[in-house]
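Using the numbering used here, you'd call the opening residue of the sequence shown number 10 and step up by one each time. The C-beta atom is built at its ideal place from N, Cα and C for all residues, glycine as well. Values in this document were obtained by computation on a predicted structure and should not be read as measured data. For reference, the structure is listed below as structure tokens.
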Amino acid sequence: MFKRVVKLGVLVSSAFWLSISCQTKPARSAERIFASFLSFEQSVSVKSLETFAETGRITGDFIPYARYISPEQRPFLQNALQQKLAISPVALSQFLYSDIGELMVQRVARVIRPKSNHGGFYALRGALIVAAADPEGLTVLNFLKHYPIQGLKIDLSEGLAVFSQIRGLIRQTNTLIQVLENQSPASPIASSTGSALTQQGQYSWQKTTLTLSDQSATRQGLTGQSRQFPVDIYLPQTAAPKPIVVISHGLNSNRNSYAYLAEHLASHGFVVVMPEHIGSNTNQLQALMLGRVKDVTQPIEFLDRPLDVRFILDELERLATADPMFQGQLNLEQVGVIGQSFGGYTALAVAGATINFGQLQQDCGSRLKDTINISLILQCQALKLPQQRYELADPRVKGVIAINPVDSSVLGETLSQIQTPVMLVSGSADKVSPSLLEQATPFTWLTTADKYFVLMQGGTHFSTIAVDPSSESEAQPESQKLSGPSPDAAKSYLSVLSLAFMKQHIAEEMEYQSYLSPEFVATLRQGKLKLNLTQTLSTHEILNPR
């Protein structure tokens with residue numbers, strides 16, 4: 010029954026552009042692929058590609074192209090044509106009909122479109138959805154079989170423009186890596202005391218879950234509604250008041266994503282609070298897949314997330330006097346925030362940066378259709394908010410760590426308003442919020458005296474996220490490909506650096522400064538995932554290498 014419901018949902022969602030029956034394949038499909046560049050055009054039949062994918066034989070009009078493919082490359086191409094993307098048709102359909110999904114399809118439709126140049130957006134979206142519903146699943150070949158127009162055109166000029174952008178970004182990212190490598194010590198000296206940062210601390214801790222309900226005038230005034238959300242609190246078993254760290258998860262994630270980090274910090278004497286941002290968590294994406302909501306997240310989440318953190322601190326102040334469990338346990342003069350992706354934005358917002366509508370208007374106009382920065386699509390959703398100044402900062406926050414943050418446009422150069430210590434953690438292989446665009450360049454806008462830029466070479470957007478075993482979300486970074494090389498090393502790096510940062514700048518134990526240095530970070534390197542740290546970075550030497 011469930012499978013029939015799934016197929017029905019797909020058929021309904023694509024019915025407006027394609028009359029489709031309950032058959033597996035549509036009556037028409039792409040028969041030839043035309044590649045055009047300026048006034049030149051060549052084509053190859055889908056049938057010959059299918060023969061190559063299934064048998065490895067090169068036949069028909071694919072023969073002239075085969076000379077450009079080396080024997081070593083052929084198995085990779087053969088596999089790529091048949092590689093199945095594991096996603097349900099309902100999930101794909103709901104996403105592609107969301108605002109963010111539509112923007113992504115529009116971008117691809119400029120490169121892949123019908124030979125007639127008409128209806129490309131709908132043809133592309135529909136073919137993806139119907140192919141996902143096919144028993145064979147969503148593959149390149151199956152997409153072509155379900156493309157509703159016989160001639161599919163690949164605009165090489167558009168494709169080459171995208172390729173040129175990507176190649177330029179890769180080149181600049183490699184320059185960034187080289188700049189950081191030049192700053193790294195040639196012969197790092199291991200620290201015997203520094204190894205303690207990798208180990209669990211001396212404190213046992215107790216985890217408790219609370220449900221908070223924010224009906225404050227502040228929330229009502231900024232968002233027009235109240236908000237109820239759960240938080241996990243990791244409370245170390247000590248007698249003295251302890252510093253507090255709030256961890257904000259990313260989009261389509263939840264408060265379990267950084268449980269390993271919470272446990273590590275709690276064992277070293279920090280009270281760790283992990284909220285569930287209910288408008289941009291895993292449940293939100295699942296609701297999208299089931300058709301209960303119409304988008305991945307709402308613009309109001311740019312306000313709700315920082316307000317969640319502020320309300321948590323208000324509640325902790327109340328609990329510190331009203332609840333025996335928390336009396337004498339909380340030091341609200343020493344508060345740090347850690348956030349990943351959308352949570353990175355959250356951390357930077359509560360630290361003092363503000364929504365930059367001027368930058369958003371500049372970046373979300375004509376530039377949006379040409380961007381290779383996927384995170385910009387999310388950031389541009391903030392333009393749907395009433396354009397006014399929003400006070401989201403909290404003076405109780407004394408330092409923040411932003412991991413793979415999305416910030417270049419939604420915050421932009423308002424990052425210079427932050428006066429507390431900041432650490433930006435980046436991955437050179439992050440395809441969601443590219444390192445150069447979303448972390449390295451924004452790092453140069455920071456004016457705070459204590460700032461750190463950390464790069465995991467080969468790290469992705471998902472390298473530091475722990476997979477939640479209780480979640481069935483298909484978007485969880487379950488594969489090695491998404492998590493990048495050595496995800497365990499990435500989590501270890503983050504645990505060590507977070508502990509050193511929070512000890513130094515939140516707990517004010519000044520002996521930890523030496524652990525926030527290129528010399529110490531060089532000793533942490535393990536496996537394929539290299540690690541760099543710097544406190545000085547210039548975009549000039551990255552964008553204009555010698």
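CA nearest to the CA of residue i, picked from the options
{"i": "Ile186", "options": "Gln522, Ala118, Gln466", "result": "Gln466"}
{"i": "Glu528", "options": "His286, Gly536, Glu518, Asn541", "result": "Asn541"}
{"i": "Gln426", "options": "Pro451, Val171, Gln211", "result": "Pro451"}
{"i": "Asn191", "options": "His549, Thr548, Leu552, Thr543", "result": "Thr543"}
{"i": "Gly230", "options": "Glu400, Leu328, Glu285", "result": "Glu400"}
{"i": "Glu63", "options": "Ser79, Ser526, Gln234, Leu90", "result": "Leu90"}
{"i": "Asp164", "options": "Arg122, Tyr156, Gln390, Pro414", "result": "Arg122"}
{"i": "Gly408", "options": "Leu94, Thr355, Ser437", "result": "Thr355"}
{"i": "Val441", "options": "Ile96, Ile175, Pro333, Leu161", "result": "Ile175"}
{"i": "Asn413", "options": "Lys378, Gln208, Ser472, Leu392", "result": "Ser472"}
{"i": "Tyr106", "options": "Gln388, Val476, Asp304, Ile474", "result": "Asp304"}
{"i": "Pro284", "options": "Ala438, Arg319, Arg301", "result": "Arg319"}
{"i": "Ser454", "options": "Phe130, Asp416, Val476", "result": "According to the sequence as given, residue 454 is Trp; it is not Ser. It is Asp416."}
{"i": "Thr242", "options": "Leu339, Phe172, Arg301, Ile67", "result": "Strictly speaking, residue 242 in this sequence is Ile, with Thr absent from that position. When each option's Cα is compared against that of Ile242, the closest is Leu339."}
{"i": "Gln396", "options": "Ser257, Lys378, Phe311", "result": "Phe311"}
Three-state class that DSSP yields for residue i in the structure shown
{"i": "Asn382", "result": "coil"}
{"i": "Asp416", "result": "coil"}
{"i": "Leu542", "result": "strand"}
{"i": "Asn151", "result": "helix"}
{"i": "Arg83", "result": "helix"}
{"i": "Arg105", "result": "Inspection of the sequence shows that residue 105 is occupied by Leu rather than by Arg. Helix at Leu105."}
{"i": "Ala356", "result": "helix"}
{"i": "Pro404", "result": "coil"}
{"i": "Ala411", "result": "strand"}
{"i": "Ile309", "result": "coil"}
{"i": "Asn340", "result": "strand"}
{"i": "Gly536", "result": "coil"}
{"i": "Ile551", "result": "helix"}
{"i": "Gln91", "result": "helix"}
{"i": "Met113", "result": "helix"}
{"i": "Leu189", "result": "helix"}
{"i": "Pro430", "result": "coil"}
{"i": "Leu445", "result": "helix"}
{"i": "Pro315", "result": "helix"}
{"i": "Pro98", "result": "helix"}
{"i": "Ser30", "result": "For Ser30, the predicted structure reports a pLDDT of 28, less than 50, and the residue's modelled location is therefore unreliable. A value from the coordinates is still provided. Here Ser30 sits in coil by DSSP."}
{"i": "Leu219", "result": "strand"}
Spatial distance of residue i from residue j (CA atoms)
{"i": "Ile321", "j": "Asp313", "result": "12 Å"}
{"i": "Val139", "j": "Thr469", "result": "30 Å"}
{"i": "Thr291", "j": "Gln336", "result": "33 Å"}
{"i": "Val406", "j": "Arg376", "result": "34 Å"}
{"i": "Gly421", "j": "Leu112", "result": "22 Å"}
{"i": "Gly110", "j": "Phe104", "result": "5 Å"}
{"i": "Leu546", "j": "Leu433", "result": "12 Å"}
{"i": "Val505", "j": "Asn263", "result": "22 Å"}
{"i": "Ser564", "j": "Lys539", "result": "Any property of residue 564 remains undetermined from this structure, which presents the chain solely from 10 to 555."}
{"i": "Pro239", "j": "Asp317", "result": "10 Å"}
{"i": "Val419", "j": "Arg76", "result": "47 Å"}
{"i": "Gln370", "j": "Ile78", "result": "44 Å"}
{"i": "Cys389", "j": "Lys460", "result": "27 Å"}
{"i": "Leu341", "j": "Ala329", "result": "9 Å"}
{"i": "Gln343", "j": "Asn365", "result": "28 Å"}
{"i": "Leu260", "j": "Ile474", "result": "12 Å"}
{"i": "Gln448", "j": "Gln307", "result": "24 Å"}
{"i": "His549", "j": "Thr207", "result": "35 Å"}
{"i": "Pro194", "j": "Ala531", "result": "7 Å"}
{"i": "Asp323", "j": "Gln237", "result": "14 Å"}
{"i": "Gly536", "j": "Tyr502", "result": "12 Å"}
{"i": "Ser526", "j": "Ala331", "result": "41 Å"}
{"i": "Ile42", "j": "Phe510", "result": "54 Å"}
{"i": "Pro333", "j": "Gly146", "result": "56 Å"}
{"i": "Leu508", "j": "Ala411", "result": "14 Å"}
{"i": "Gly361", "j": "Gln92", "result": "45 Å"}
{"i": "Val188", "j": "Phe85", "result": "33 Å"}
{"i": "Ser57", "j": "Gly353", "result": "47 Å"}
{"i": "Leu150", "j": "Val463", "result": "41 Å"}
{"i": "Gln234", "j": "Ile309", "result": "10 Å"}
Taking contact to mean at least 3 C-beta pairs separated by less than 8 Å, is the segment 268-288 in contact with the segment 209-217?
yes
List, from N- to C-terminal side, the beta strand (DSSP E) runs of 3 residues or more that fit wholly inside the segment 231-294.
236-245, 251-257, 280-284
At a cut of 8 Å, does the segment 172-182 reach the segment 238-250 through at least three beta carbon pairs?
no
At a cut of 8 Å, does the segment 506-526 reach the segment 272-292 through at least three beta carbon pairs?
yes
Scan the segment 452-532 and note each continuous alpha helix (DSSP H) run of 4 residues or more that stays entirely inside, going in chain order.
489-492, 496-514
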